[in-house]
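Below is one structure, written out as C-alpha coordinates; the observations come after it.
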Amino acid sequence: MSKLQAFFSQNVKFNKQLDVIISERFIDENGKLIPWKIRSMSEKENELIRKNTPRDKKGNIEGESYAAKLVTESVVFPNLKDPDLQKSYGVMGAEDLLKEMLLSGEYSRLCQKVQEANGFDINEMIQYAKN
1 MSKLQAFFSQ NVKFNKQLDV IISERFIDEN GKLIPWKIRS MSEKENELIR KNTPRDKKGN
61 IEGESYAAKL VTESVVFPNL KDPDLQKSYG VMGAEDLLKE MLLSGEYSRL CQKVQEANGF
121 DINEMIQYAK N
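At position 26 of the sequence shown (counting the first as 1) the number is 26 in UniProt numbering, and the numbers step up by one without a gap.
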(Lines of atoms letter the chains of each structure in order from A and count residues from 1; the text may use other names and numbers.)
(Lines give C-alpha, C1' and ligand atoms only; values in the text may rest on other atoms or scores of the structure.)
Protein backbone atom coordinates (compact mmCIF):
# COMPACT_ATOMS: atom_id res chain seq x y z
CA MET A 1 0.00 0.00 0.00
CA SER A 2 1.36 3.41 -0.93
CA LYS A 3 1.53 6.18 1.62
CA LEU A 4 -1.31 7.98 -0.16
CA GLN A 5 -3.53 4.89 -0.04
CA ALA A 6 -3.24 4.95 3.75
CA PHE A 7 -5.51 8.03 3.61
CA PHE A 8 -8.23 6.35 1.52
CA SER A 9 -11.44 6.01 3.50
CA GLN A 10 -11.45 2.22 3.37
CA ASN A 11 -7.99 2.15 4.98
CA VAL A 12 -8.62 4.63 7.79
CA LYS A 13 -9.49 3.44 11.27
CA PHE A 14 -12.43 5.63 12.23
CA ASN A 15 -15.44 5.76 14.46
CA LYS A 16 -13.89 3.70 17.16
CA GLN A 17 -16.02 2.48 20.03
CA LEU A 18 -14.51 2.25 23.46
CA ASP A 19 -15.65 0.49 26.61
CA VAL A 20 -14.94 2.68 29.62
CA ILE A 21 -15.72 2.35 33.30
CA ILE A 22 -17.32 5.60 34.38
CA SER A 23 -18.62 4.57 37.78
CA GLU A 24 -18.31 1.81 40.32
CA ARG A 25 -22.01 2.26 41.10
CA PHE A 26 -23.32 0.51 37.97
CA ILE A 27 -22.87 -3.24 38.41
CA ASP A 28 -24.47 -6.33 36.89
CA GLU A 29 -26.15 -9.19 38.77
CA ASN A 30 -22.72 -10.79 39.36
CA GLY A 31 -21.24 -7.65 40.87
CA LYS A 32 -19.12 -6.82 37.81
CA LEU A 33 -18.72 -3.22 36.76
CA ILE A 34 -20.74 -2.34 33.68
CA PRO A 35 -18.72 -0.40 31.10
CA TRP A 36 -20.19 2.45 29.12
CA LYS A 37 -19.70 2.41 25.36
CA ILE A 38 -18.60 5.66 23.77
CA ARG A 39 -17.84 6.39 20.15
CA SER A 40 -15.79 8.88 18.24
CA MET A 41 -17.53 11.06 15.70
CA SER A 42 -16.67 12.77 12.47
CA GLU A 43 -16.09 16.49 12.17
CA LYS A 44 -19.32 16.66 10.18
CA GLU A 45 -21.27 15.35 13.19
CA ASN A 46 -19.36 17.69 15.50
CA GLU A 47 -20.19 20.64 13.26
CA LEU A 48 -23.89 19.82 13.56
CA ILE A 49 -23.57 19.77 17.35
CA ARG A 50 -21.85 23.18 17.30
CA LYS A 51 -24.59 24.61 15.08
CA ASN A 52 -27.23 23.40 17.54
CA THR A 53 -25.46 24.73 20.62
CA PRO A 54 -26.71 27.99 22.18
CA ARG A 55 -24.52 31.07 21.93
CA ASP A 56 -23.96 33.94 24.30
CA LYS A 57 -24.65 37.59 23.49
CA LYS A 58 -21.26 37.90 21.79
CA GLY A 59 -22.00 34.95 19.52
CA ASN A 60 -19.63 32.55 21.26
CA ILE A 61 -20.74 28.97 21.78
CA GLU A 62 -21.62 28.16 25.39
CA GLY A 63 -18.84 25.74 26.34
CA GLU A 64 -20.76 23.72 28.94
CA SER A 65 -23.69 23.21 26.61
CA TYR A 66 -21.38 22.16 23.77
CA ALA A 67 -19.57 19.66 26.01
CA ALA A 68 -22.87 18.21 27.24
CA LYS A 69 -24.14 17.76 23.69
CA LEU A 70 -20.84 16.20 22.57
CA VAL A 71 -20.94 13.75 25.47
CA THR A 72 -24.57 12.72 25.00
CA GLU A 73 -24.08 12.14 21.28
CA SER A 74 -20.92 10.10 21.93
CA VAL A 75 -22.46 7.73 24.49
CA VAL A 76 -23.73 4.56 22.79
CA PHE A 77 -24.52 2.56 25.95
CA PRO A 78 -26.43 3.11 28.08
CA ASN A 79 -28.95 4.55 25.64
CA LEU A 80 -29.40 8.01 27.14
CA LYS A 81 -32.39 8.66 24.89
CA ASP A 82 -34.35 5.71 26.30
CA PRO A 83 -37.59 7.11 27.76
CA ASP A 84 -37.76 4.44 30.47
CA LEU A 85 -34.24 5.22 31.66
CA GLN A 86 -35.03 8.93 31.72
CA LYS A 87 -38.29 8.28 33.55
CA SER A 88 -36.49 6.21 36.20
CA TYR A 89 -34.46 9.32 37.09
CA GLY A 90 -37.43 11.68 36.76
CA VAL A 91 -35.97 13.67 33.85
CA MET A 92 -36.61 14.27 30.19
CA GLY A 93 -33.66 14.51 27.83
CA ALA A 94 -30.25 12.89 27.58
CA GLU A 95 -28.32 15.86 28.95
CA ASP A 96 -30.50 16.10 32.04
CA LEU A 97 -30.28 12.34 32.50
CA LEU A 98 -26.49 12.38 32.66
CA LYS A 99 -26.50 15.20 35.19
CA GLU A 100 -28.96 13.31 37.37
CA MET A 101 -27.48 9.82 37.15
CA LEU A 102 -23.78 10.65 37.52
CA LEU A 103 -21.83 12.15 40.39
CA SER A 104 -19.83 15.22 39.43
CA GLY A 105 -16.54 13.30 39.32
CA GLU A 106 -18.12 10.58 37.19
CA TYR A 107 -19.51 13.17 34.79
CA SER A 108 -16.06 14.74 34.57
CA ARG A 109 -14.51 11.31 33.86
CA LEU A 110 -17.06 10.66 31.11
CA CYS A 111 -16.34 14.06 29.54
CA GLN A 112 -12.61 13.31 29.61
CA LYS A 113 -13.07 9.90 27.95
CA VAL A 114 -15.32 11.37 25.24
CA GLN A 115 -12.77 14.11 24.56
CA GLU A 116 -10.00 11.52 24.25
CA ALA A 117 -12.10 9.36 21.91
CA ASN A 118 -12.63 12.38 19.69
CA GLY A 119 -9.01 13.51 19.70
CA PHE A 120 -9.37 16.50 22.06
CA ASP A 121 -7.80 17.48 25.28
CA ILE A 122 -9.89 19.76 27.51
CA ASN A 123 -8.13 23.00 26.53
CA GLU A 124 -8.33 22.20 22.83
CA MET A 125 -12.03 21.46 23.15
CA ILE A 126 -12.73 24.79 24.86
CA GLN A 127 -10.81 26.69 22.20
CA TYR A 128 -12.46 24.70 19.43
CA ALA A 129 -15.93 25.43 20.79
CA LYS A 130 -15.17 29.15 20.92
CA ASN A 131 -14.27 29.26 17.21
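Think of the CB as a built atom: it goes at the ideal place given N, C-alpha and C, for glycine as much as any other residue. Here the structure is a predicted model, which is why all the values come from computation and not from measurement.
Anticipated Cβ contact below 8 Å, residue i with residue j, distance rounded
i: L110; j: V71; result: 6 Å
i: L18; j: I27; result: Going by Cβ atoms, the distance from L18 to I27 rounds to 19 Å, so no, they are not a contact pair.
For residue i: DSSP bridge partner residues
i: D19; result: K37
i: R55; result: I61
i: F77; result: K37
i: I49; result: Partner(s): none; I49 has no beta bridge.
C-alpha gap between residue i and residue j, whole angstroms
i: K69; j: L80; result: 12 Å
i: R25; j: F120; result: 27 Å
i: S74; j: K87; result: 21 Å
i: I61; j: E29; result: 42 Å
i: P35; j: E43; result: 26 Å
i: N118; j: K99; result: 21 Å
i: A6; j: Y89; result: 46 Å
i: S9; j: L48; result: 21 Å
i: R50; j: M92; result: 22 Å
i: L4; j: N11; result: 10 Å
i: G63; j: D56; result: 10 Å
i: residue 136; j: S2; result: The chain is shown only over 1 to 131; residue 136 falls outside these bounds and no answer can be derived.
CB contact flag (residue i, residue j, <8 Å)
i: E106; j: S23; result: yes
i: P83; j: S65; result: no
Best match in the options for proximity to residue i [C-alpha to C-alpha]
i: Q112; options: G31, E47, N46 and I38; result: I38
i: K13; options: V20, P35, W36 and S40; result: S40
i: A67; options: N46, G59, K57 and K58; result: N46
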